[in-house]
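Working notes, structure below.
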Amino acid sequence: MIEELKNKLNLIETNYTSKIQACKNVKDLQDLQVAAIGRKGELTELLKSLKDLSLEEKKIFGPLSNALKIKLSSLFEAKNAELENAAINEELNKTDLDLTLPAFPFNKGGRHPLAIAQKRMTDILSKLGFIWAHGPFIEDEYHNFDALNIPAHHPARDMQDTFFIKNPHKSDFVLRTHTSGVQIRTMQKQKPPIRIMAPGRVFRKDSLDATHSPVFHQIEGLYVDKNVSLADLKRDLTVFMQGLFGKKAEVRFRPSFFPFTEPSVEVDVKCVFCEGKDKNCPVCKGSGWKEMMGAGIVHPNVLRNCQIDPEVYSGYAFGMGVERLAMFSLGIKDIRAFYENDIRILEQF
Ligand SMILES: [Zn+2]
256 MIEELKNKLN LIETNYTSKI QACKNVKDLQ DLQVAAIGRK GELTELLKSL
306 KDLSLEEKKI FGPLSNALKI KLSSLFEAKN AELENAAINE ELNKTDLDLT
356 LPAFPFNKGG RHPLAIAQKR MTDILSKLGF IWAHGPFIED EYHNFDALNI
406 PAHHPARDMQ DTFFIKNPHK SDFVLRTHTS GVQIRTMQKQ KPPIRIMAPG
456 RVFRKDSLDA THSPVFHQIE GLYVDKNVSL ADLKRDLTVF MQGLFGKKAE
506 VRFRPSFFPF TEPSVEVDVK CVFCEGKDKN CPVCKGSGWK EMMGAGIVHP
556 NVLRNCQIDP EVYSGYAFGM GVERLAMFSL GIKDIRAFYE NDIRILEQF
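So for the sequence shown, the numbering used here puts the first residue at 256; every next one is plus one.
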């Protein structure tokens, strides 16, 4: 009797083990489980014959059949998990569901540090009466160079410095190297008084390193009216720098040269990190000053190019890099931090 029962157990084991392995879907597996260890399953029925056995036989057959029940249960469980996973994967492959998308709750976006810097600068300029002006990113050579008194031999027109775009019909286009074209376009269609700011993206053939980028942002300002002098420029730019760096910010003007202004100046601000006291300051390199922008009195040729009489009108212009000022005021050491969009850096601002 007991040998016969043992044989039946072995038969059930081999039979169901191979059936479970071959099973292709969850529904079939459930039916198989019912047939094996369900209330009226094969193994359950076999267990019912336990009552006809002697005590000795029960001691052998009982543990054997229990062990098989446990083994089959775990086989069913493992196969069920395997089939469910396969079904989920098959379903996912059928749809465009992107599981790498961030889940709810979504991270709240914030302003980019460059946008923060630009807004601070344009806010101050707005208070000084400058209004926004816009121009095209793709300029013609006339507005980017000629009208600004930049002659053909000037290094700024070098192929190494500028992205030229071939134009078979007339002179080539360029990706604007500064926003000064906006000044020209404004003066061509509007008579003085003019007081504009031109923020925007500009392009130069610079290799990307810690302080250079082929794409960066500028803000230029232009003020043209009767009797505009260097004194007006110094007053307005001092107020601007103090608005940016605090009332105590010291501003220095140094003579310089630009083709489109005469006289021209560089505008420096006393280093806000070391106040000129640290010979090893990495920001000002120990000089105590940081160059912030170029400026000057608009060259008479530029006014003439825009049909504005330089005997009647005069003006000042200035231009600065948003990145440079943002790096200085936010303490960012590498310009690439603005473009790599590393969330760990961006969310600090
Ligand atoms: Zn310093």
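Virtual Cβ for every residue (Gly too), placed ideally from N, Cα, C. Predicted model, so just to flag it, every value in this text is computed and none were measured.
Next on the checklist: So within the region 371-458, which uninterrupted beta strand (DSSP E) runs reach at least 3 residues, ignoring any that extend past its ends?
Outcome noted: 393-395, 428-430 and 449-458
Item to check | Nearest neighbour of tyrosine 568, chosen from Asn535, Met442, Phe495 and Ala550 [CA to CA] | outcome: Met442
Checklist entry - On the premise that methionine 547 lies in contact with isoleucine 474, defined as a C-beta separation below 8 Å, what is that separation, rounded to the nearest angstrom? => result In fact, because the Cβ distance is near 11 Å, the residues do not count as touching under 8 Å.
Item to check | Which residues DSSP lists as bridging proline 510, in chain order | outcome: Val520
Checklist entry - For ligand 1, is there a heavy atom less than 8 Å away from the beta-carbon of aspartate 533? => result yes
Item to check | Status (buried if at least 16 other CB within 10 Å, exposed otherwise) for arginine 599 | outcome: exposed
Checklist entry - Would DSSP call glycine 293 helix, strand or coil? => result coil
Checklist entry - What residue from Lys503, Asp378, Gly296 and Asn270 has the CA that sits closest to alanine 453's CA? => result Asp378
Checklist entry - What's the gap between the Cα of alanine 407 and the Cα of asparagine 422? => result 17 Å
Next on the checklist: Assuming alanine 572 is part of the alpha helix (DSSP H), what are its boundary residues?
Outcome noted: From DSSP, alanine 572 is part of no alpha helix (DSSP H) but of the beta strand (DSSP E) over 569-576.
Checklist entry - My guess is that serine 584 and glycine 549 are in contact by the Cβ rule of under 8 Å, so how many angstroms apart are they, rounded? => result The pair is not a contact, with the Cβ atoms about 18 Å apart (cut-off 8 Å).
Checklist entry - Around the Cβ of glutamate 396, are there at least 16 other Cβ atoms within 10 angstroms (buried) or fewer (exposed)? => result buried
Checklist entry - What residues are listed by DSSP as bridge partners for histidine 472? => result Arg456
Checklist entry - Does at least one heavy atom of ligand 1 sit under 8 Å from the Cβ of glycine 541? => result yes
Item to check | Reduced DSSP secondary structure (H/G/I, E/B, other) of isoleucine 257 | outcome: helix
Checklist entry - What residues match up with alanine 550 in a beta bridge as DSSP calls it? => result Val520 and Phe573
Checklist entry - What is the C-beta distance between leucine 580 and leucine 499, in whole angstroms, given that I count them as a contact (C-beta under 8 Å)? => result 7 Å
Next on the checklist: Quick check on the burial criterion: 16 or more other C-beta atoms within 10 angstroms. Buried or exposed for glycine 551?
Outcome noted: buried
Item to check | Residues sharing a beta bridge with valine 479, DSSP | outcome: Ile449 and Gly570
Item to check | lysine 334, DSSP secondary structure in three states | outcome: helix
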